[in-house]
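**Q**
Chains as they are written, first to last, in my numbering: chain A, 5 to 264; chain B, 80 to 192.
1) Within the segment 88-168 of chain B, note down every full alpha helix (DSSP H) run reaching 4 residues or more, in order along the chain.
2) If you drop the 5 nearest sequence neighbours on each side, which residues of the same chain put their C-beta closer than 6 Å to that of residue 198/A?
3) Could you check what DSSP says for residue 239/A in three-state terms: helix, strand or coil?
4) Roughly how far, in whole angstroms, is the beta-carbon of residue 3/A from the beta-carbon of residue 158/A, given that I think they are within contact range, below 8 Å?
5) Closest to residue 91/A by C-alpha separation, out of 228/A, 37/A, 31/A, 196/A, would be which residue?
6) Under 8 Å Cβ-Cβ, which residues of chain A neighbour residue 147/B?
7) Check the Cβ-Cβ distances between residue 85/B and every residue of chain A, and say whether any is below 8 Å.
8) Could you compute how far the alpha carbon of residue 126/A sits from the alpha carbon of residue 20/A?
9) Can you give me the C-alpha to C-alpha distance between residue 34/A and residue 42/A, rounded to a whole angstrom?
10) Look up residue 44/A in the DSSP assignment and say whether it is helix, strand or coil.
11) For residue 149/A, report the span of its alpha helix (DSSP H) as first-last.
12) Using a Cβ-Cβ cut-off of 8 Å, state whether residue 118/A counts as contacting chain B.
13) Tell me which residues share the same chain as residue 75/A and place their Cβ nearer than 7 Å to its Cβ, disregarding the 5 neighbours each side in the sequence.
14) Counting contacts by CB-CB distance shorter than 8 Å, is residue 167/B in contact with chain A?
15) Please specify which runs of the beta strand (DSSP E), each continuous and at least 3 residues long, are wholly inside the segment 190-219 of chain A, giving them in chain order.
16) I'd like to know if residue 193/A contacts chain B, where contact means its C-beta is closer than 8 Å to some C-beta of that chain.
17) Go ahead and pull the three-state DSSP assignment for residue 123/A.
18) Roughly how many angstroms lie between the CA atoms of residue 275/A and residue 175/A, to the nearest whole one?
19) Under the three-state reduction of DSSP, which class applies to residue 8/A: helix, strand or coil?
20) Which residue wins for smallest C-alpha separation from residue 72/A, given the options 220/A, 18/A, 121/A?
21) Report the neighbours of residue 213/A on chain B: residues whose CB is nearer than 9 Å to its CB, in chain order.
22) Taking just the CA atoms, how far does residue 174/B sit from residue 36/B?
23) Run down chain B in chain order and give the residues with a C-beta less than 7 Å from the C-beta of residue 155/A.
24) If you check the beta carbons only, do residue 7/A and residue 89/A fall under 8 Å apart?
25) Which first and last residues belong to the beta strand (DSSP E) in which residue 113/A is found?
26) According to DSSP, is residue 231/A helix, strand or coil?
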């Protein structure tokens, strides 16, 4: 038997609706103390994983999110026996509990912002040609010429990043008023200025979306993308140390070492 | 409660292109098999060396920017960095590796290249 896992939820009750999991097999909740883990049991391991499997998994996690606080399991985390699932729950109970409490009634939104990165960089390069024309580094030897070239590039990149920081600070200021937590990634490419994940209380979703609409409508070259609400994929904080004070020995073989 | 998923943008194509660009920059896994194990290993080692080289270079630029290096020291640093870069080019050529193949996702720090 192979047990595919979908999410830890903050309920130890039976799932009232019929939800079909991977390969159309119904999912059920395995209770552990005051929480549970939603799984589906399969006679054998799924051989050919397709895009449809990934979308199905996502659909199930989102369906569970309608009724529960969810901690999504990594896609295709599987166990051989229910006993193994329970051992994993026992070992990591404190970590799961802490995350469920912290993420209760919260959802994740994604914001991406594109700016005219290439144009901005070209402008910086043009102005740097004037600024660094009389640079302090003399280029009267191969070593110094090499450093001069690298230093000019370093200064251009630095100025580019500083401009990005200024822009991100302004954008983030407007969203930060409504959020519980955030994760910002700057300049994943020259044009992708910001890739942000915001954790928001469910009751503040409307305010957050309204702010997005206002920023999006503001004049300028920035392009915005909003997506959500998502399960809190980017906000699950999980370390093995979280359970070090309540750990019991676990000796059985486990198939799901990489859970969450 | 029903979730009303929102995906809102005026420029979907621009975002698709940027995201594809980022995803294409990093290999999904190290391609190690008996036929190309040498190249796979070289790629891994050279990526790590490249990371260290870039860190050294950045630190040197910071020190120059702060004005804490003398002209002689700049000369020494320049020569060292130049030799390192030339050696890396040579090694990449031997193993048939391109610059974009020596990339590394450094988590919150972004990508190496």
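Just so it is clear, CB atoms sit at the ideal spot from N, CA and C, and this is done for glycine as well.
**A** Well, looking at it:
1) The alpha helix (DSSP H) runs lying completely inside the segment 88-168 of chain B and spanning 4 residues or more are 91-104, 116-144, given in chain order.
2) As a first step, residue 198/A must be located in the first chain, where it is residue number 194. Cβ within range, chain order: 117, 172.
3) As a first step, residue 239/A must be located in the first chain, where it is residue number 235. Correct three-state label for residue 239/A: helix.
4) In this structure chain A extends from 5 to 264, so residue 3/A is not present and cannot be described.
5) Here residue 91/A refers to the residue found at position 87 when the first chain is read from its first residue. Taking only the C-alpha atoms, the option nearest residue 91/A is 37/A.
6) As a first step, residue 147/B must be located in the second chain, where it is residue number 68. Residues of chain A with a Cβ closer than 8 Å to the Cβ of residue 147/B do not exist, since the nearest Cβ in that chain sits about 13 Å away.
7) For the purposes of this step, residue 85/B is taken as residue 6 along the second chain, with counting starting at 1. Cβ-Cβ to chain A under 8 Å: yes for residue 85/B.
8) Along the first chain, one-based indexing puts residue 126/A at 122. Along the first chain, one-based indexing puts residue 20/A at 16. If you take the alpha carbons of residue 126/A and residue 20/A, they lie about 59 Å apart.
9) As a working mapping, residue 34/A is identified with position 30 in the first chain. As a working mapping, residue 42/A is identified with position 38 in the first chain. In a straight line, the C-alpha of residue 34/A is about 6 Å away from that of residue 42/A.
10) Here the question's residue 44/A lines up with position 40 in the first chain. Here residue 44/A sits in strand by DSSP.
11) By one-based count along the first chain, residue 149/A stands at place 145. Bounds of the alpha helix (DSSP H) holding residue 149/A are 146-180.
12) Looking up residue 118/A in the first chain gives position 114. Among the CB atoms of chain B, one or more fall inside 8 Å of the CB of residue 118/A.
13) Here residue 75/A is taken as the residue at index 71 of the first chain, counted from 1. Cβ neighbours of residue 75/A beyond the five flanking positions: 11, 12, 100, 103, 104, 240, 264.
14) Locating residue 167/B in the second chain gives position 88, where the first residue counts as 1. Interface flag for residue 167/B against chain A is unset, since no Cβ pair is found closer than 8 Å.
15) The qualifying runs are 196-205.
16) In the first chain, residue 193/A corresponds to position 189, counting from 1. True, the Cβ-Cβ gap to chain B drops below 8 Å.
17) Here residue 123/A refers to the residue found at position 119 when the first chain is read from its first residue. Correct three-state label for residue 123/A: helix.
18) Residue 275/A lies beyond the stretch modelled for chain A, which goes from 5 to 264, so this question has no answer here.
19) Against the first chain, residue 8/A aligns to sequence position 4. If DSSP states are grouped into helix, strand and coil, residue 8/A belongs with the strands.
20) Translated into positions along the first chain, residue 72/A becomes position 68. Scanning 220/A, 18/A, 121/A for the CA closest to the CA of residue 72/A turns up 18/A.
21) Along the first chain, one-based indexing puts residue 213/A at 209. From the beta-carbon of residue 213/A, the residues of chain B found nearer than 9 Å are 85, 87.
22) The shown model of chain B, from 80 to 192, leaves out residue 36/B, and the question about it has no answer.
23) Position 151 of the first chain, counted from the start, is the residue given in the question as residue 155/A. Below the 7 Å Cβ cutoff, chain B contributes 140, 143 as neighbours of residue 155/A, in chain order.
24) Within the first chain, residue 7/A is the residue found at index 3, counting from 1. Within the first chain, residue 89/A is the residue found at index 85, counting from 1. Cβ atoms of residue 7/A and residue 89/A: closer than 8 Å.
25) Taking the first chain and counting its residues from 1, one reaches residue 113/A at position 109. Bounds of the beta strand (DSSP E) holding residue 113/A are 110-118.
26) The count along the first chain starts at 1 and reaches residue 231/A at position 227. In the displayed model, residue 231/A falls within a strand according to three-state DSSP.
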